[in-house]
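Here the protein sequences come in this chain order: Y and P.
Residue 169 in my numbering sits at position 168 of the first sequence, with consecutive numbering throughout.
Residue 336 in my numbering sits at position 335 of the second sequence, with consecutive numbering throughout.
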Amino acid sequence: MENTQITKSDCPLLALKNVSKYFDSVSNLTMNSTKVLREVSFNVEDGETVAIVGESGCGKTVLLKTMIRLFKPECGNVIFDGHDLGELTYFELAQTRMRYGFVFQQAALFDSMTIGENIAFPLVQHTNKSNKEIREIVMDLLNEVGLSEQVLTRKPAELSGGMRKRVGLARALALEPEIILYDEPTTGLDPIMSNVINELIISTHQKHNVTSVLVTHDLKSVFKVADRVVMLYPLAKLDNSEPQIIFDGKPEKLANCNDKRVREFVSV
Amino acid sequence: MNNVERPEDGEIDSETPAETNEIPTPVWGVGFAPEQPLRDATLAYSASGISKQLDTLTNSIAANPANIEPENTTEKNTTYSFYSEMFTSQIESIGDFANFCGYTFIWLCWQRPRWNVLAHSFYSIGVLSLPVVMLTGMFIGMVLAVQTYSQFKAIGMEAVLGGVISFSLVRELGPVLAATMLAGRVGSSIAAEIGSMRVSEQIEALASLGTSPIHYLVVPRFLASLFLIPALTVIADFMGVFGGAIYCTKILGIDEHFYWEHGRSLVGSFDVLAGMFKSVFFGGIIALISCHQGFRCENGAEGVGKAATKSFVLSFVAILFIDLILGIFIDRVQSMLGFTPGTIVGA
């Protein structure tokens, strides 16, 4: 791990360098490879909120999961706080993942547990806190995401989509992460609940001073929350020489971008 | 076969005959007469200046129609690709299963699961299976009595039934049928539970929280199956012997003394231990196959259903295969040690 150590000031919090991801399938004795990401590179600075946008199937979620190494890239490096995730041992990777928070698209709450047990799960697994301390933290987190104490004993299936996403955020915040990855946080929610989630992303960012990366289709969310926008384009529509990131800049510049594909995405 | 070449290995395209580099896209699908695509192709291409080439081809086919065998070629290719795909997928599954077992054993040795997680698995796999195993065991004993009584009565040896029923239950039927019941009750439930966790990203959520899904989900279930399936087997044996005894003595009227005496003389602790020894392997394989099927689950609700079904079928086949291998092994050990039926180990 020392070999991969780089001085913190030298590098951004999260850096992706030429990340490529293919999905292989074996059929008729031939290996079919579906290319999803090709040499994607960008940095996420400490304290920044970056939105990754793009049309469906362009690899946004795959990119987000590659950032925490839920997907292993075929080539390229994901460097978090100076450590190349690909060079970490399993236990070092598990320790590093605890510095991340991941909010899944469908919340991915453990449905055999109650809401309280879901939020407490990372604390029970990775800390030596007493039950009383854990209960206090869970209550604080629940208040922070705007849910009442009554939901503590309920099962995830009894909650609405918006409530589940808020519980997902509370669970992601339990270990006080340095970076939070949101996978389509407002998808499938009504405009009011989408706004509540956007406000939560902003308040979480301000209160915990965390870096945030969110994958979304929702441009309202992008303009409200993000400091920077990265737009991906599907590989199937690109030539081999064209870069997959077609826009990387401030949200205000999206509408005036020279690239027609970016303007189309924003104007539709 | 002038016009239709067999494709190279791995480059199977049953819809494209060799001539298509000159005349594109006449589709020789299964069940199509060759005239049909040629007629369609003539209509499509006569206006674009290549009708002459097409006429040449039509004439050649008309002169010797036997040269064209699109149906046969397509059938061969389809069969070939089906088997190759099946073979590749089986090899891949075996490799993946071996890898999965390796990781499970590493985690098993590396870190003990938390007591509460372990207790939950022991409860759901052991305690909740108790009624079904007891009931199955008792009915097996009774059915054995019903099936064997008439044969033994015919030769005047119905009193030996105690020995026959107890021996078959303890050595073979108890362990195998208890394991089969548990493959259905426990195995399918494990595969469906882990499968639905996979589909709803809960396994990825575990990993993202720094927890190993194999350590958290597989190891407790594996340990519970390994320790509790032998215990459940002993209970199934006991209930079978009890059920058989009730039926034989109370309904068929066999003398209790002879029933139990024959049972005692034919069944010894070696037989009970042999049955338990087999059930340890059955428990282990049920847990590993079911968890693995859950982890490999794909395609939403359909995938979960398939994982549950497949886990039961594979577990059942594995149970019978292991039973055969261990049956031969135990038989050899018994012969080597010179144990006869009814031997009490250590006596």
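Every residue gets a Cβ at the ideal spot worked out from N, C-alpha and C, and that includes glycine.
For this session: Check whether the Cβ of P/Leu210 lies closer than 8 Å to any Cβ atom in chain Y.
Result: The sequence position of residue 210 of chain P within the second sequence is 209, counting from 1. Residue-level contact check: P/Leu210 touches chain Y, since one or more beta carbons of chain Y fall below 8 Å from its beta carbon.
Exercise. Can you tell me whether DSSP reads Y/Ala52 as helix, strand or coil?
Worked result: Within the first sequence, numbered from 1, the residue matching residue 52 of chain Y stands at position 51. The answer is strand: DSSP assigns Y/Ala52 an E or B state.
For this session: Find the residues of chain C that neighbour Y/Tyr101, judging by a C-beta separation of less than 8 Å, and give them in chain order.
Result: Absent from the structure: chain C. Protein chains present are Y and P.
Exercise. Going by other Cβ atoms of all chains shown within 10 Å of its Cβ, with 16 needed for buried, is P/Cys110 buried or exposed?
Worked result: The count along the second sequence starts at 1 and reaches residue 110 of chain P at position 109. Flag for P/Cys110 reads exposed.
Exercise. Using a beta-carbon distance cut-off of less than 7 Å, what residues from the segment 182 to 210 of chain P approach chain Y?
Worked result: Here the close residues are Ser201, Glu202, Gln203, Glu205, Ala206, Ala208, Ser209 and Leu210.
Exercise. Does the segment 36 to 45 of chain Y come within contact of the segment 98 to 108 of chain Y, defined as at least 3 CB pairs closer than 8 Å?
Worked result: With a cut-off of 8 Å, the segment 98 to 108 of chain Y and the segment 36 to 45 of chain Y do not count as touching, because too few Cβ pairs lie within range.
Problem set entry | Of the listed residues P/Glu194, P/Gly328 and P/Val334, nearest to P/Leu174 (C-alpha basis) | Taking the first residue of the second sequence as position 1, residue 174 of chain P is located at position 173. Of the candidates P/Glu194, P/Gly328 and P/Val334, the one whose C-alpha sits nearest the C-alpha of P/Leu174 is P/Gly328.
Exercise. Around the C-beta of Y/Thr154, are 16 or more other C-beta atoms found within 10 angstroms, so that it is buried, or is it exposed?
Worked result: Within the first sequence, residue 154 of chain Y is the residue found at index 153, counting from 1. It is exposed - the Cβ of Y/Thr154 has fewer than 16 other Cβ atoms within 10 Å.
Exercise. Considering only C-alpha positions, which residue in the set P/Arg186, P/Ile107 and P/Ser122 is nearest to P/Ser130?
Worked result: Taking the first residue of the second sequence as 1, we reach residue 130 of chain P at position 129. Per the Cα distances, P/Arg186.
Exercise. Tell me which same chain residues have a C-beta within less than 6 Å of the C-beta of P/Gly284, skipping the five on either side of it?
Worked result: Numbered from 1 along the second sequence, position 283 holds the residue referred to as residue 284 of chain P. Non-local beta-carbon contacts of P/Gly284 in its own chain, meaning distances under 6 Å to residues more than five positions away in sequence, involve Ser226, Leu227 and Ile230 in chain order.
Problem set entry | Anticipated Cβ contact below 8 Å, P/Leu183 with P/Ile287, distance rounded | If you number the second sequence from 1, residue 183 of chain P lands on position 182. If you number the second sequence from 1, residue 287 of chain P lands on position 286. Contact holds; Cβ gap of about 6 Å.
Exercise. Is it the case that the Cβ atoms of Y/Leu86 and Y/Val79 are separated by a distance below 8 Å?
Worked result: Residue numbering aside, residue 86 of chain Y sits at position 85 when the first sequence is read from its first letter. Residue numbering aside, residue 79 of chain Y sits at position 78 when the first sequence is read from its first letter. Yes. Within cutoff.
Problem set entry | Y/Val214 and Y/Ile53 closer than 8 Å at C-beta | Residue 214 of chain Y sits at position 213 when you count from the first residue of the first sequence. Residue 53 of chain Y sits at position 52 when you count from the first residue of the first sequence. A distance below 8 Å separates the beta carbons of Y/Val214 and Y/Ile53.
Exercise. Of all the residues that make up the segment 62 to 74 of chain Y, which are near chain P by a beta-carbon distance shorter than 8 Å?
Worked result: Per Cβ criterion, the list reads Lys66, Ile69 and Leu71.
For this session: Within its chain, find whatever has a CB closer than 8 Å to the CB of P/Asp97; leave out the 5 residues flanking it on each side and keep chain order.
Result: The sequence position of residue 97 of chain P within the second sequence is 96, counting from 1. Excluding its 5 nearest sequence neighbours in each direction, P/Asp97 has C-beta neighbours in its own chain below 8 Å: His293 and Arg297, listed in chain order.
For this session: Could you tell me which residues DSSP puts in a beta bridge with Y/Ala16?
Result: Taking the first residue of the first sequence as 1, we reach residue 16 of chain Y at position 15. Assignment of beta-bridge partners to Y/Ala16 by DSSP yields Y/Asn44 and Y/Ile80.
Problem set entry | 8 Å Cβ cutoff, Y/His209 in contact with chain P | Along the first sequence, read from residue 1 onward, the residue named residue 209 of chain Y stands at position 208. Y/His209 does not count as touching chain P.
Exercise. Which chain P residues sit within Cβ distance under 8 Å of Y/Arg98?
Worked result: Translated into the one-based positions of the first sequence, residue 98 of chain Y becomes position 97. Contact note: Y/Arg98 reaches chain P through Ala208, Ser209, Leu210 and Gly211, using a C-beta cutoff of 8 Å and chain order.
For this session: Starting from the beta carbon of Y/Pro123, find every residue of chain P whose beta carbon is closer than 9 Å, and list them in chain order.
Result: Along the first sequence, read from residue 1 onward, the residue named residue 123 of chain Y stands at position 122. Per Cβ cutoff of 9 Å: Leu210, Gly211 and Thr212.
For this session: Compute the Euclidean distance between the alpha carbons of P/Leu58 and Y/Asn241, then round it to the nearest angstrom.
Result: The count along the second sequence starts at 1 and reaches residue 58 of chain P at position 57. The count along the first sequence starts at 1 and reaches residue 241 of chain Y at position 240. Bear in mind that the predicted position of P/Leu58 carries a pLDDT of just 49, short of 50, making it too unreliable to give a figure here.
For this session: Can you grab the Cα-Cα spacing for the pair Y/Lys251 / P/Asn100, in whole Å?
Result: The residue given as residue 251 of chain Y occupies position 250 in the first sequence. The residue given as residue 100 of chain P occupies position 99 in the second sequence. Here the alpha carbon of Y/Lys251 sits roughly 46 Å from the alpha carbon of P/Asn100.
Exercise. Using a beta-carbon distance cut-off of less than 9 Å, what residues from the segment 110 to 121 of chain Y approach chain P?
Worked result: Cβ contacts with chain P come from Leu110, Phe111, Asp112 and Ser113.
For this session: Using a Cβ cut-off of 8 Å (strictly closer), state whether Y/Ala95 contacts chain P.
Result: Position 94 of the first sequence holds residue 95 of chain Y. Yes, contact with chain P.
Exercise. Using 8 Å as the threshold, is the segment 259 to 272 of chain P in touch with the segment 197 to 205 of chain P, meaning 3 or more CB pairs across them?
Worked result: These segments do not touch.
Problem set entry | Backbone secondary structure at Y/Phe111 - three-state DSSP | Along the first sequence, read from residue 1 onward, the residue named residue 111 of chain Y stands at position 110. In this structure, Y/Phe111 counts as coil in the three-state DSSP scheme.
Exercise. Chain P beta carbons: is any one of them nearer than 8 Å to that of Y/Gln245?
Worked result: Position 244 of the first sequence, counted from the start, is the residue given in the question as residue 245 of chain Y. Chain P, which has no Cβ nearer than 8 Å to the Cβ of Y/Gln245, makes this no.
For this session: Starting from the Cα of P/Val318, find the closest Cα among P/Ala180, P/Thr137, P/Phe153 and P/Phe243 and give me that residue.
Result: Stepping through the second sequence from its first residue, residue 318 of chain P is reached at position 317. Here the closest residue by C-alpha is P/Ala180.
Exercise. Using a beta-carbon distance below 8 Å, is Y/Phe105 in contact with chain P?
Worked result: The count along the first sequence starts at 1 and reaches residue 105 of chain Y at position 104. By the rule that beta-carbons nearer than 8 Å mark a contact, Y/Phe105 touches chain P.
Exercise. Under 8 Å between the Cβ atoms of Y/Val51 and Y/Arg229?
Worked result: Position 50 of the first sequence, counted from the start, is the residue given in the question as residue 51 of chain Y. Position 228 of the first sequence, counted from the start, is the residue given in the question as residue 229 of chain Y. Contact check for Y/Val51 against Y/Arg229 passes: the beta carbons are separated by less than 8 Å.
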